[in-house]
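Going by our numbering, the sequence shown opens with residue 6, and the numbers climb by one from there.
Before any comments, here is the structure.
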Amino acid sequence: MGFLLLAAIVWVSVHVGIAGTELRGRIVARLGEQGFAVAFSLLSVAAIVGLCVAYNRAPFWPLWFAPDWLRWTLAAVMLVACVLFVGSIAKPNPTAVGGDRLTNATPAGVTRLTRHPMLWAFAIWAIVHVLGNGDFASLLFFGAFLVTALAGMPSIDGKIARRNPGGWRRLAASTSIIPGLAIAQGRTRLQAADIGWVVPLGGVLLWLVLLFGHRHVIGVAPVPG
Numbered sequence: 006m007g008f009l010l011l012a013a014i015v016w017v018s019v020h021v022g023i024a025g026t027e028l029r030g031r032i033v034a035r036l037g038e039q040g041f042a043v044a045f046s047l048l049s050v051a052a053i054v055g056l057c058v059a060y061n062r063a064p065f066w067p068l069w070f071a072p073d074w075l076r077w078t079l080a081a082v083m084l085v086a087c088v089l090f091v092g093s094i095a096k097p098n099p100t101a102v103g104g105d106r107l108t109n110a111t112p113a114g115v116t117r118l119t120r121h122p123m124l125w126a127f128a129i130w131a132i133v134h135v136l137g138n139g140d141f142a143s144l145l146f147f148g149a150f151l152v153t154a155l156a157g158m159p160s161i162d163g164k165i166a167r168r169n170p171g172g173w174r175r176l177a178a179s180t181s182i183i184p185g186l187a188i189a190q191g192r193t194r195l196q197a198a199d200i201g202w203v204v205p206l207g208g209v210l211l212w213l214v215l216l217f218g219h220r221h222v223i224g225v226a227p228v229p230g
């Protein structure tokens with residue numbers, strides 16, 4: 006379990022302690038943007054491999070046991086994560102990797118719901134697995150991804166604000182981190198025509214693949230039956 010804890014700390018430190026911080030700027034000054042991107046990618050791969058290996062080897066220390074109704078509820082919540090994930094890749098958005106050129110563009114698709122659809126997809130995925138598994142190893146493993154996703158949102162916002170202050174003000178005025186907040190405040194509207202049919206259909210298909218393939222790939226059924 007100690008190895009898993011260390012791996013989780015390394016993963017969070019790499020993404021929260023380097024990306025979007027002054028340390029990143031100092032590293033970029035030495036390596037350049039491309040050099041930093043390569044080094045960061047290699048470090049991230051090493052961190053996630055170590056995290057996965059540690060999780061697979063960790064002992065099972067139960068903290069709670071999820072009742073059947075909760076597992077079904079969590080499976081339904083995963084549909085939201087799947088739709089957000091598909092929406093995050095269906096249309097480029099300014100908070101995605103390489104999305105700087107879109108900062109001045111009018112938000113479209115699920116970006117109207119939240120300007121961080123992919124990170125929210127991962128955050129929901131992590132929460133679902135923490136609550137559904139209910140063991141200490143899962144708390145560390147999925148909790149590391151949850152912390153990274155939640156901390157990444159303001160970090161990315163800060164990077165955009167520094168690089169393009171004017172574009173950031175326009176983006177922040179019509180979008181929100183919290184899903185639905187900008188819509189509730191009347192700063193934007195979620196338009197069905199703007200999202201189209203590919204995103205919800207793709208989200209449902211991805212959800213079905215995960216729901217029925219989970220047992221065969223992971224070895225654990227997400228819902229009873």
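Glycine included, every Cβ here is placed at the ideal spot set by N, Cα and C.
Among residues of its own chain, excluding the 5 on either side of K96, which ones have a beta-carbon nearer than 7 Å to its beta-carbon?
A113, G114
How about the segment 206 to 217 and the segment 148 to 163: do they share at least three Cβ pairs that are nearer than 8 Å?
no
As an exercise, report each continuous beta strand (DSSP E) stretch of at least 3 residues that is fully enclosed by the segment 140 to 200, in chain order.
none
Whole angstroms are fine: how far does the CA of A126 sit from the CA of P64?
28 Å
Cβ contact check for the segment 185 to 203 and the segment 136 to 152: 3 or more pairs under 8 Å:
no
When you compare only the Cα positions, how much space is there between V222 and V54?
18 Å
C-alpha gap between A86 and W16, whole angstroms:
22 Å
Give the secondary structure of P67 by DSSP, where H, G and I count as helix, E and B as strand, and everything else as coil.
strand
Burial state of W202, where buried means 16 or more other Cβ atoms lie within 10 Å
exposed
Grab me the residues of T111's own chain with a C-beta within less than 8 Å of its C-beta, minus the 5 sequence neighbours each way, in chain order.
S179
Do you know how far the Cα of L9 is from the Cα of F141?
10 Å
Based on Cα-Cα distance, which residue from L118, K164, W69 lies nearest to L136?
W69
Burial state of I138 (16 or more Cβ within 10 Å):
The sequence given here places Asn at residue 138; Ile does not occur at that position. Result: buried.
Give me the Cβ distance between L84 and G208, rounded to the nearest whole Å; I'm assuming they're in contact under 8 Å.
7 Å
Around the C-beta of P227, are 16 or more other C-beta atoms found within 10 angstroms, so that it is buried, or is it exposed?
buried
What does the alpha-carbon distance come out to for the pair L89 and Q196?
15 Å
Starting from G224 and walking both ways along the alpha helix (DSSP H), at which residues does that stretch end?
It is not in any alpha helix (DSSP H) - G224 carries neither H nor E in the DSSP assignment.
Determine the DSSP secondary structure at N98, reduced to helix, strand or coil.
coil
Along the chain, where does the alpha helix (DSSP H) containing A128 start, and where does it finish?
122 to 138
Going by C-alpha to C-alpha distance, which of G22, L28, A59, I23 sits closest to L145?
A59
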